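*Asks:* Chains as they are written, first to last, in the working numbering: chain A, 654 to 786; chain B, 654 to 786. Heads up, the beta-carbon is just placed ideally off N, CA and C, and yes, glycines get one too. No experiment lies behind these values; they were computed from the predicted model shown.
Number of protein chains: 2
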Amino acid sequence: MSSSEVDVVVQASFTVLDTLTRSAAGHDLSLTQLRLLGILRDRTPTMAAIADHLGLDRSSVSGLVDRAERRGYVARRASADDARVTTVELTEAGRTLGQELTATVEAGVEALLDCLRPADRKRVLEIARSVTG
Amino acid sequence: MSSSEVDVVVQASFTVLDTLTRSAAGHDLSLTQLRLLGILRDRTPTMAAIADHLGLDRSSVSGLVDRAERRGYVARRASADDARVTTVELTEAGRTLGQELTATVEAGVEALLDCLRPADRKRVLEIARSVTG
DNA sequence: TATTGTTATACTCTATAACTATA
DNA sequence: TATAGTTATAGAGTATAACAATA
Numbered sequence: 654m655s656s657s658e659v660d661v662v663v664q665a666s667f668t669v670l671d672t673l674t675r676s677a678a679g680h681d682l683s684l685t686q687l688r689l690l691g692i693l694r695d696r697t698p699t700m701a702a703i704a705d706h707l708g709l710d711r712s713s714v715s716g717l718v719d720r721a722e723r724r725g726y727v728a729r730r731a732s733a734d735d736a737r738v739t740t741v742e743l744t745e746a747g748r749t750l751g752q753e754l755t756a757t758v759e760a761g762v763e764a765l766l767d768c769l770r771p772a773d774r775k776r777v778l779e780i781a782r783s784v785t786g
Numbered sequence: 654m655s656s657s658e659v660d661v662v663v664q665a666s667f668t669v670l671d672t673l674t675r676s677a678a679g680h681d682l683s684l685t686q687l688r689l690l691g692i693l694r695d696r697t698p699t700m701a702a703i704a705d706h707l708g709l710d711r712s713s714v715s716g717l718v719d720r721a722e723r724r725g726y727v728a729r730r731a732s733a734d735d736a737r738v739t740t741v742e743l744t745e746a747g748r749t750l751g752q753e754l755t756a757t758v759e760a761g762v763e764a765l766l767d768c769l770r771p772a773d774r775k776r777v778l779e780i781a782r783s784v785t786g
């Protein structure tokens with residue numbers, strides 16, 4: 654694979670990520686906050702699990718959750734099993750916002766893929782699944 | 654396209670971006686600094702052109718270039734045509750670092766795509782080109 | 001002793017607003 | 001007047017180190 658071909662893959666990823674960033678910004682959120690809400694959509698993880706998932710230090714997640722909590726999108730809950738552990742969950746407002754974001758992101762990504770032929774759209778999904786692993 | 658299929662595309666983009674972020678961090682750079690060096694690889698843009706390319710405010714680019722300049726990777730040059738204009742170029746150290754980054758990123762992206770069959774690798778490049786436009 | 005999470009600190013990144021210099 | 005770039009300011013995001021509470 655030539656270096657220009659790597660460029661193309663990287664540029665395409667930036668294009669998708671720019672779409673996500675704009676979707677988040679439209680709701681006055683950062684990309685990281687968007688990812689946090691995405692993680693909480695179907696989970697109630699511990700602080701450590703969030704850090705692992707986002708590849709961040711735990712202290713960074715403390716601040717991240719602080720700001721999301723201050724805005725009313727998430728809530729901390731003490732674990733019943735282990736008094737050291739804190740779990741994080743969406744509030745009703747957070748869930749509503751998450752659903753709006755999902756719709757916005759979906760529209761943005763679909764717009765990006767609208768230029769592809771049906772066979773290519775099928776293929777890009779297969780490839781994306783392979784990359785995700 | 655179902656929402657789970659959008660998820661797959663988004664997750665694949667995050668995977669590529671995480672590879673880039675790790676490549677940059679390995680050289681003690683942020684993703685934005687990596688993008689800046691990438692832009693300068695084959696151009697000598699004005700501050701305004703960098704801002705347009707990265708989708709940032711010009712004041713953000715001033716700080717970005719300040720920090721890169723302080724580390725010896727880029728240099729500002731006054732335009733001969735228009736005294737208001739400043740162009741930015743790589744230093745020798747910046748070019749060397751950029752080449753190292755290119756190699757690191759290339760290896761990382763290739764590792765991601767190693768699971769694909771040859772026909773798929775060809776296809777992903779075509780699709781990536783379409784998305785990039 | 002080891003682990004979970006927070007706090008203190010420092011830096012990068014980013015935008016808005018106000019400014020200077022030039023066109 | 002309009003444009004290019006900077007500076008001042010404020011806030012978000014991030015890591016490191018030190019810490020408290022719990023296991």
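Considering only C-alpha positions, which residue in the set 699(B), 731(B), 682(B), 663(B) is nearest to residue 721(B)?
*Replies:* 682(B)
*Asks:* Against chain B, with Cβ distances strictly below 8 Å, would residue 669(A) count as a contact?
*Replies:* yes
*Asks:* With DSSP as the reference, please indicate the residues paired to residue 731(B) in a beta bridge.
*Replies:* 739(B)
*Asks:* Can you grab the Cα-Cα spacing for the pair residue 675(B) / residue 764(B), in whole Å?
*Replies:* The straight-line gap from Cα to Cα measures roughly 13 Å.
*Asks:* Determine the DSSP secondary structure at residue 786(B), reduced to helix, strand or coil.
*Replies:* Confidence in residue 786(B) is poor, its pLDDT being 49 and thus under 50, which makes the residue's placement unreliable; the coordinate value appears in the next sentence. Coil at residue 786(B), not helix or strand.
*Asks:* Between the segment 690-702 of chain A and the segment 739-748 of chain A, do at least 3 Cβ pairs fall closer than 8 Å?
*Replies:* Three or more Cβ pairs drawn from the segment 690-702 of chain A and the segment 739-748 of chain A lie within less than 8 Å of each other, which places the two stretches in contact.
*Asks:* Measure from the alpha carbon of residue 744(A) to the alpha carbon of each residue in 760(A), 688(A), 723(A), then state which is nearest.
*Replies:* 723(A)
*Asks:* Got a sec: which bits of the segment 676-706 of chain B sit with their beta carbon under 7 Å from any beta carbon on chain A, in order along the chain?
*Replies:* none
*Asks:* Would the segment 752-761 of chain A count as touching the segment 707-718 of chain A if we require 3 or more Cβ pairs under 8 Å?
*Replies:* no
*Asks:* Measure the Cβ-Cβ separation of residue 762(A) and residue 659(B) and say whether it is below 8 Å.
*Replies:* Contact flag set, yes.
*Asks:* At the 8 Å Cβ level, is residue 608(A) part of the contact set with chain B, yes or no?
*Replies:* Residue coverage of chain A in this structure runs from 654 to 786, which leaves residue 608(A) outside it and unanswerable.
*Asks:* On the CB-based measure, 16 or more other CB atoms within 10 Å of its CB, does residue 672(A) come out buried or exposed?
*Replies:* buried
*Asks:* Would a check of beta-carbon distances place residue 753(A) closer than 8 Å to chain B?
*Replies:* no
*Asks:* Using the beta-carbon of each residue, which ones in chain A are nearer than 9 Å to residue 714(B)?
*Replies:* What residue 714(B) touches in chain A: nothing, since even the nearest Cβ is about 16 Å away.
*Asks:* Taking beta-carbon pairs under 8 Å, can you tell me which members of the segment 716-736 of chain B lie near chain A?
*Replies:* none
*Asks:* Classify residue 668(B) as helix, strand or coil using the three-state DSSP reduction.
*Replies:* helix
*Asks:* Whose Cβ in chain B lies nearer than 8 Å to the Cβ of residue 747(A)?
*Replies:* Result: empty, since nearest Cβ-Cβ is about 18 Å, beyond 8 Å.
*Asks:* Tell me, please, whether the CB atom of residue 762(A) is closer than 8 Å to any CB atom in chain B?
*Replies:* yes
*Asks:* Step through the CB atoms of chain B and report whether any lies within less than 8 Å of the CB of residue 663(A).
*Replies:* yes
*Asks:* Do you know offhand how far residue 757(B)'s Cα is from residue 668(B)'s?
*Replies:* About 15 Å.
*Asks:* What is the DSSP secondary structure of residue 697(A), counted as helix, strand or coil?
*Replies:* Here residue 697(A) carries a coil assignment [DSSP, helix/strand/coil].
*Asks:* Can you find a C-beta in chain B that's less than 8 Å from the C-beta of residue 738(A)?
*Replies:* no
*Asks:* How long is the line joining the alpha carbons of residue 664(A) and residue 733(A), rounded to whole angstroms?
*Replies:* 46 Å
*Asks:* Taking C-alpha atoms, which residue in 690(B), 677(B), 679(B) lies nearest to residue 747(B)?
*Replies:* Residue 690(B) is the option with its Cα nearest to residue 747(B).
*Asks:* Taking the alpha-carbon positions, what's the residue 678(A) to residue 736(A) distance?
*Replies:* Distance between the alpha carbons of residue 678(A) and residue 736(A) is about 36 Å.
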